[in-house]
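J.: Same order as they appear, the protein sequences are chains A and B. With the first sequence counted from 1, adding 8 to any position gets you this note's numbering. With the second sequence counted from 1, adding 8 to any position gets you this note's numbering. Submitted below is the structure of interest, expressed as structure tokens.
Number of protein chains: 2
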Amino acid sequence: MKSTRNTTAKSAIQSLLQQSNTALSHKEIQTEVGELCNRVTIYRILDRLVEEGEIHKIINTDGVIKYAPCHQCDSNHQHNHDHVHFSCVKCDSVTCLDNVQPSYNLPPNYQVQEVNFTLSGICPNCITC
Amino acid sequence: MKSTRNTTAKSAIQSLLQQSNTALSHKEIQTEVGELCNRVTIYRILDRLVEEGEIHKIINTDGVIKYAPCHQCDSNHQHNHDHVHFSCVKCDSVTCLDNVQPSYNLPPNYQVQEVNFTLSGICPNCITC
DNA sequence: TTAGGAAATGCAACTAAATTGCATTAAATT
DNA sequence: AATTTAATGCAATTTAGTTGCATTTCCTAA
Numbered sequence: 009m010k011s012t013r014n015t016t017a018k019s020a021i022q023s024l025l026q027q028s029n030t031a032l033s034h035k036e037i038q039t040e041v042g043e044l045c046n047r048v049t050i051y052r053i054l055d056r057l058v059e060e061g062e063i064h065k066i067i068n069t070d071g072v073i074k075y076a077p078c079h080q081c082d083s084n085h086q087h088n089h090d091h092v093h094f095s096c097v098k099c100d101s102v103t104c105l106d107n108v109q110p111s112y113n114l115p116p117n118y119q120v121q122e123v124n125f126t127l128s129g130i131c132p133n134c135i136t137c
Numbered sequence: 009m010k011s012t013r014n015t016t017a018k019s020a021i022q023s024l025l026q027q028s029n030t031a032l033s034h035k036e037i038q039t040e041v042g043e044l045c046n047r048v049t050i051y052r053i054l055d056r057l058v059e060e061g062e063i064h065k066i067i068n069t070d071g072v073i074k075y076a077p078c079h080q081c082d083s084n085h086q087h088n089h090d091h092v093h094f095s096c097v098k099c100d101s102v103t104c105l106d107n108v109q110p111s112y113n114l115p116p117n118y119q120v121q122e123v124n125f126t127l128s129g130i131c132p133n134c135i136t137c
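Printed below as a string of structure tokens:
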């Protein structure tokens with residue numbers, strides 16, 4: 009039986025993501041946690057949290073991976089995210105729009121496993137500036 | 009006035025993308041064109057073609073950038089792609105489903121500029137294997 | 001409460017992808 | 001054909017992510 013442990017670094021990163029209202033990249037997390045743990049450790053913690061269904065990856069439109077908490081995932085079944093992400097070109101923030109679920113009609117014989125919907129543009133915070 | 013030139017390498021890459029029925033990554037293009045031009049040149053040609061509205065970028069679910077021809081874009085206005093992309097986890101192919109346009113309802117004050125919709129799963133070619 | 005096994009970490013080295021500067025080459029216009 | 005400037009090649013550099021291994025730290029069972 010493989011077990012997972014609660015370390016200080018893991019807890020810190022997890023609560024960091026929980027409290028953030030935008031998705032965070034590895035680099036953003038690194039500058040945030042500072043000297044708390046090593047660069048490599050952050051990679052491994054993020055992998056673990058994804059594995060455990062605590063957070064999910066969002067591939068931003070510029071290719072940078074961002075991380076955000078999950079709401080309905082666990083470690084048993086695979087990630088299930090059908091919501092839209094919004095990527096702001098001004099402030100570079102990525103947010104989960106958990107309530108926005110797009111609909112589409114696929115041709116036959118496509119078997120969908122995962123979904124990545126990202127809109128880019130100006131977010132409400134930046135639209136007034 | 010900035011002008012753009014038709015070089016052999018550019019033409020080769022352009023027709024390569026036109027004739028492919030899947031989107032191609034930089035690496036795939038590189039192995040295809042072989043010694044025709046330098047690695048770096050491929051990067052620059054792809055950037056130019058995107059700039060000119062000939063091709064568009066697709067960020068695959070694994071973060072790899074793929075390129076596919078545009079149908080309704082030009083160099084004057086920005087890229088306008090609202091179609092779905094399908095990424096097959098078996099054969100690693102990415103295809104444009106130009107006829108599949110998802111619908112969604114955004115909260116107010118979001119100003120959408122570009123769209124990146126990618127579904128991953130099993131494509132029709134691989135579903136029988 | 002602690003002793004021991006396994007998970008997690010740090011560090012250094014490595015790999016892969018993409019970018020930059022600069023000298024050289026080759027389109028396109030006259 | 002001459003000219004000018006976009007495009008290319010090459011080498012070096014940056015950036016992101018991975019791997020191996022020794023060490024540390026967590027957690028459970030005695």
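All C-beta atoms, glycine included, are put in the ideal place defined by N, C-alpha and C.
Check whether the Cβ atoms of A76 (chain A) and H87 (chain A) sit closer than 8 Å, and answer yes or no.
T.: Reading the first sequence from its first residue, position 68 is the one you call residue 76 (chain A). Reading the first sequence from its first residue, position 79 is the one you call residue 87 (chain A). Cβ atoms of A76 (chain A) and H87 (chain A): not closer than 8 Å.
J.: Could one say the Cβ of C104 (chain A) lies closer than 8 Å to chain B's Cβ atoms, at least one of them?
T.: Position 96 of the first sequence, counted from the start, is the residue given in the question as residue 104 (chain A). No, C104 (chain A) lies away from the interface with chain B (no Cβ there is under 8 Å from its Cβ).
J.: Identify each residue in the region 18 to 37 of chain B for which the Cβ-Cβ distance to at least one residue of chain A is less than 9 Å, and report them in chain order.
T.: For the region 18 to 37 of chain B, which is checked against every Cβ of chain A, not one residue is closer than 9 Å.
J.: C131 (chain A) versus chain B: which residues are under 7 Å apart at the beta carbon?
T.: The count along the first sequence starts at 1 and reaches residue 131 (chain A) at position 123. Within 7 Å Cβ-Cβ: Y118.
J.: Could you say if the region 94 to 107 of chain B and the region 93 to 105 of chain A meet the contact criterion of at least three C-beta pairs nearer than 8 Å?
T.: The region 94 to 107 of chain B is not in contact with the region 93 to 105 of chain A.
J.: Leaving out the 5 sequence neighbours to the left and right, which residues in its chain are closer than 7 Å to Q26 (chain A) when beta-carbon positions are compared?
T.: Taking the first sequence and counting its residues from 1, one reaches residue 26 (chain A) at position 18. The answer, listed in chain order, is P77.
J.: Since P110 (chain A) meets chain B, which of its residues come closer than 7 Å, beta carbon to beta carbon?
T.: Position 102 of the first sequence, counted from the start, is the residue given in the question as residue 110 (chain A). What P110 (chain A) touches in chain B: P110, S111, Y112.
J.: Could you tell me whether the Cβ of E122 (chain A) comes closer than 8 Å to any Cβ of chain B?
T.: Taking the first sequence and counting its residues from 1, one reaches residue 122 (chain A) at position 114. True, the Cβ-Cβ gap to chain B drops below 8 Å.
J.: Please classify Y75 (chain B): does DSSP put it in a helix, a strand, or coil?
T.: On the second sequence, residue 75 (chain B) is found 67 positions in, with the first residue counted as 1. Residue state, collapsed to three classes: strand.
J.: Who pairs with Q119 (chain A) in a beta bridge, going by DSSP?
T.: Here residue 119 (chain A) refers to the residue found at position 111 of the first sequence. Beta-bridge pairing links Q119 (chain A) to B:I130.
J.: Kindly provide the ranges of any alpha helix (DSSP H) runs that are 4 or more residues long and lie completely inside the region 40 to 105 of chain B, ordered along the chain.
T.: DSSP runs (the alpha helix (DSSP H)) wholly in the region 40 to 105 of chain B: 47 to 59.
J.: Which residues in chain B have a C-beta closer than 8 Å to the C-beta of V92 (chain A)? List them in chain order.
T.: Counted from its first residue, the first sequence places residue 92 (chain A) at position 84. Ordered by position in chain B, the residues that pass the 8 Å Cβ test against V92 (chain A) are Y112, L114.
J.: Using 8 Å as the Cβ pair cut-off and three pairs as the minimum, do the region 118 to 136 of chain A and the region 13 to 22 of chain B touch?
T.: In short, these stretches do not touch, since the Cβ pair count stays below three.
J.: Can the beta-carbon of V123 (chain B) be found less than 8 Å from the beta-carbon of L114 (chain A)?
T.: Here residue 123 (chain B) is taken as the residue at index 115 of the second sequence, counted from 1. Here residue 114 (chain A) is taken as the residue at index 106 of the first sequence, counted from 1. Cβ distance not < 8 Å, so V123 (chain B) and L114 (chain A) don't count as in contact.
J.: Excluding five sequence neighbours on each side, which residues of the same chain lie with their C-beta closer than 8 Å to the C-beta of S83 (chain A)?
T.: Numbered from its first residue, the first sequence carries residue 83 (chain A) at position 75. Around S83 (chain A): E59, E60, G61.
J.: Looking only at its chain, what residues have a beta carbon closer than 7 Å to the beta carbon of P110 (chain A), apart from the 5 residues adjacent to it on each side?
T.: Position 102 of the first sequence, counted from the start, is the residue given in the question as residue 110 (chain A). Closer than 7 Å at the Cβ level, and outside the excluded window around P110 (chain A), lie V92, F125.
J.: Under a three-way DSSP split, which group does S23 (chain A) fall into?
T.: Here residue 23 (chain A) refers to the residue found at position 15 of the first sequence. In this structure, S23 (chain A) counts as helix in the three-state DSSP scheme.
J.: Whose Cβ in chain A lies nearer than 7 Å to the Cβ of T69 (chain B)?
T.: Here residue 69 (chain B) refers to the residue found at position 61 when the second sequence is read from its first residue. What T69 (chain B) touches in chain A: I67, E122, N124.
J.: Could you tell me which of B:I50, B:S33, B:V41 sits nearest to N68 (chain B), measuring between CA atoms?
T.: Residue 68 (chain B) sits at position 60 when you count from the first residue of the second sequence. If we check each option's Cα against that of N68 (chain B), B:S33 comes out closest.
J.: To the nearest angstrom, how far is the alpha carbon of Q80 (chain B) from that of I66 (chain B)?
T.: As a first step, residue 80 (chain B) is located in the second sequence; it is residue number 72 there, counting from the start. As a first step, residue 66 (chain B) is located in the second sequence; it is residue number 58 there, counting from the start. Rounded to whole angstroms, Q80 (chain B) to I66 (chain B) spans 16 Å at the Cα level.
J.: Check each residue of the region 47 to 59 of chain A: if its Cβ is closer than 7 Å to any Cβ of chain B, include it; give the result in chain order.
T.: Answer in chain order: no residues at all.
J.: Roughly how many whole angstroms lie between the Cα atoms of L24 (chain A) and K35 (chain A)?
T.: Residue mapping note: residue 24 (chain A) aligns to position 16 of the first sequence, counting from 1. Residue mapping note: residue 35 (chain A) aligns to position 27 of the first sequence, counting from 1. About 13 Å.
J.: Taking the alpha carbon of Q121 (chain A) as the point to measure from, which residue in A:Y112, A:L54, A:C137, A:D90 has its own alpha carbon closest?
T.: Residue numbering aside, residue 121 (chain A) sits at position 113 when the first sequence is read from its first letter. The residue with the shortest Cα to Cα distance from Q121 (chain A) is A:D90.
J.: Per DSSP, L32 (chain A) is paired with what?
T.: By 1-based counting over the first sequence, the position of residue 32 (chain A) is 24. Per DSSP, A:Y75.
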